[in-house]
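Engineer: One structure, as structure tokens, below. Some questions next.
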Amino acid sequence: MVTDDKKKLAIMLFSGPYGKQDADYMCRIAESALNRGYAVKIFLYGDGVHAQMNGQTPKSFLNIGDYLSELADMGAEIKSCSRCSGARGYVEGEFDEGLDRYPSSKAIDAVKIHTLYSFIDMIKDCDKIMTFGGV
Amino acid sequence: MVNLVVEITHPPYGHENTFAGLYVALTSLAKGMNVTVIFHGDGAYTSLRGQSPEKKINVLSTERQIEDILALGGRVIAYRDALVHRGILKEEMIEGIEILDSPEIYDLMLENTDKVIVF
Amino acid sequence: MDMNESICILITKPPHTTEGGKRVCGIARRARDKGMKVSIYLIGDGVLFAKKNLESNRVISPDESISIKVGMNDMLARGITPEMLDYRIEAVDDIEGIFVEDAMENSKLVFTW
Chain A
6 MVTDDKKKLA IMLFSGPYGK QDADYMCRIA ESALNRGYAV KIFLYGDGVH
56 AQMNGQTPKS FLNIGDYLSE LADMGAEIKS CSRCSGARGY VEGEFDEGLD
106 RYPSSKAIDA VKIHTLYSFI DMIKDCDKIM TFGGV
Chain B
9 MVNLVVEITH PPYGHENTFA GLYVALTSLA KGMNVTVIFH GDGAYTSLRG
59 QSPEKKINVL STERQIEDIL ALGGRVIAYR DALVHRGILK EEMIEGIEIL
109 DSPEIYDLML ENTDKVIVF
Chain C
64 MDMNESICIL ITKPPHTTEG GKRVCGIARR ARDKGMKVSI YLIGDGVLFA
114 KKNLESNRVI SPDESISIKV GMNDMLARGI TPEMLDYRIE AVDDIEGIFV
164 EDAMENSKLV FTW
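Residue numbers (my numbering), protein chains in the order written: chain A, 6 to 140; chain B, 9 to 127; chain C, 64 to 176.
Structure, rendered in structure tokens:
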């Protein structure tokens, strides 16, 4: 479980899964960080929001949706951009204050669709930031 | 205060990267961070002034984002090499964008930057 | 280790696709010239930087100030064998773990590309 005294790592994913390997790299790094006791906060941005898609069944690749769920079980906080998610058809209603997320049956539970401000807070608060898929 | 560099490596409009990166820069400035945007490689094309994407291709203007970043106190820099390779002249650029050589930009990142995000 | 003296670079992209490869080499060399310690980690397509005989502006040569590690699995997956590396480059297992710890504990700046 995340505690305040752990060093914090923020990670941004900008590419979708499978077309490029960036999501794989991101997950591997996040897992290593969690195993070493660091707090990990992941933000899916741009096409990176597709990593949250429910029901992924890749035949020949690592299942990124399952990997994200495992990372969340290990304590990672995972959010995705509401604007990018909305553009790509994931957002299904207004922001739910109680659940602290936008509703979506198309996204895995492990990922909370949230505002870009949550990423900005990650940038401010985390000790280090890494980006995957921007280039 | 966090010193953030946002690097833009794509030209505007063909990829979402440029708009998304500038949006992060703008929002970070609004939240009190010290922000420098750096145009590298094809990102140098973003510095061209007179963009009219809203009228012509129905997308939001990265030129306007840059103007907002400058107005909020952010710094916007382009690699001189990247501009020269692409034939971009100073008079063709959005006012307020600085042109620096690679060593100066590397020094900025190594000496005065806490975090780097690359788009 | 004094964090102000170290930077960490993670490379996931191949050397020649964009100008990014040249830029990353430039940052590494500049940091070294300023007396900083540079740790470079190559994963994914970034392992291709480790292959011998690259053109000079994409080469980062390991020395007292620059260390380069390459992910063994990613390297072998791409047909790069240890004989094809500069002898000073270290191929490692669990490169992600080594990188994360170095980045979080020892480095002033982390650059991922």
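All C-beta atoms in this analysis are idealised placements derived from N, C-alpha and C, irrespective of residue type, glycine included.
1. Could you tell me whether any Cβ in chain A is nearer than 8 Å to the Cβ of B/LEU116?
2. At the 8 Å Cβ level, is A/ASP132 part of the contact set with chain C, yes or no?
3. Which parts of the stretch 60-94 of chain B are runs of the beta strand (DSSP E), unbroken and 3 residues or longer, counting only runs that do not cross its ends?
4. If B/GLU106 sits next to B/ARG72, beta carbons under 8 Å apart, how far is it from one beta carbon to the other, in whole angstroms?
5. Tell me, which residues are paired with A/ASP101 by DSSP?
6. Could you please give the first and the last residue of the uninterrupted beta strand (DSSP E) stretch that includes A/LEU18?
7. Considering only DSSP beta bridges, list what C/ILE131 is partnered with.
8. Using three-state DSSP, classify B/PRO20 as helix, strand or coil.
9. Give me the DSSP bridge partner(s) of B/MET101.
10. Would you mind listing the beta strand (DSSP E) stretches within the stretch 13-53 of chain A that are 3+ residues and don't spill past its ends, in chain order?
11. Leaving out five residues before and five after A/TYR43 in sequence, what residues of the same chain have Cβ atoms less than 8 Å from its Cβ?
12. Just to confirm my understanding: we take A/THR8, look at its own chain, exclude 5 residues before and 5 after, and list those with CB closer than 7 Å. What are they?
13. Pull the bridge partners of A/MET58 from the DSSP assignment, please.
14. Just the C-alpha distance for B/ASN42 and A/PHE100, rounded to the nearest angstrom, thanks.
15. What alpha helix (DSSP H) runs, 4 residues minimum, are completely inside the stretch 123-169 of chain C?
16. If you pair each beta-carbon of the stretch 14-27 of chain B with each one of the stretch 63-75 of chain A, do three or more pairs fall below 8 Å?
17. Output yes or no for whether 8 Å exceeds the beta carbon distance between B/GLY49 and C/GLU82.
18. By the 10 Å Cβ neighbour count, where 16 or more other Cβ atoms means buried, how is A/ALA28 classified, buried or exposed?
19. For C/ASN116, name the three-state secondary structure that DSSP assigns.
20. Three-state secondary structure (DSSP) at C/PRO77?
21. From B/THR121 to C/VAL87, what does the alpha carbon distance come to, in whole angstroms?
22. If contact means a Cβ-Cβ distance below 7 Å, which residues of the stretch 71-101 of chain A contact chain B?
23. Assuming contact is defined by CB atoms lying nearer than 8 Å, are B/ALA86 and B/SER55 in contact in what I supplied?
24. So B/ILE125 and B/VAL32 are in contact, right, with Cβ under 8 Å, and what is the actual spacing, rounded?
25. Could you name the residues of chain A that B/VAL126 contacts, counting a contact when the two beta carbons are closer than 7 Å?
26. Check whether the stretch 141-156 of chain C touches the stretch 19-36 of chain A, taking contact to mean three or more Cβ pairs, one atom from each stretch, closer than 8 Å.
Structural biologist: Considering the structure as presented:
1. Cβ-Cβ to chain A under 8 Å: no for B/LEU116.
2. Taking a beta-carbon distance threshold of 8 Å, A/ASP132 counts as an interface residue toward chain C.
3. The stretch 60-94 of chain B contains these whole beta strand (DSSP E) runs: 83-87.
4. About 19 Å; that fails the 8 Å criterion.
5. Partner(s): A/ARG106.
6. First-last of the beta strand (DSSP E) with A/LEU18: 13-18.
7. When DSSP reads this structure, C/ILE131 sits in a beta bridge with C/ILE103.
8. Strand, per DSSP.
9. As a beta-bridge residue in DSSP terms, B/MET101 pairs with B/LEU56.
10. The qualifying runs are 13-18, 44-49.
11. Contacts found: LYS11, LYS12, LYS13, LEU14.
12. Confidence at A/THR8 is low in this model, with a pLDDT of 49, below 50, so the placement of that residue should be treated as unreliable; the coordinate-derived value is given next. Same-chain partners within the cutoff: there are none.
13. DSSP output for A/MET58 lists A/ALA112 as bridge partner(s).
14. The straight-line gap from Cα to Cα measures roughly 30 Å.
15. Runs found: 135-140, 158-169.
16. Contact fails: fewer than three Cβ-Cβ distances are below 8 Å.
17. In this structure, C/GLU82 lies closer than 8 Å to B/GLY49 by Cβ.
18. Residue environment analysis places A/ALA28 among the buried positions, since at least 16 neighbouring C-beta atoms fall within 10 angstroms of its C-beta.
19. For C/ASN116, the three-state secondary structure derived from DSSP is coil.
20. Coil, per DSSP.
21. Between the alpha carbons of B/THR121 and C/VAL87 lies a distance of about 16 Å.
22. Per Cβ criterion, the list is empty.
23. In this structure, B/SER55 lies closer than 8 Å to B/ALA86 by Cβ.
24. The pair is a contact, with the Cβ atoms about 6 Å apart (cut-off 8 Å).
25. THR136, GLY139, VAL140, listed in chain order.
26. With a cut-off of 8 Å, the stretch 19-36 of chain A and the stretch 141-156 of chain C do not count as touching, because too few Cβ pairs lie within range.
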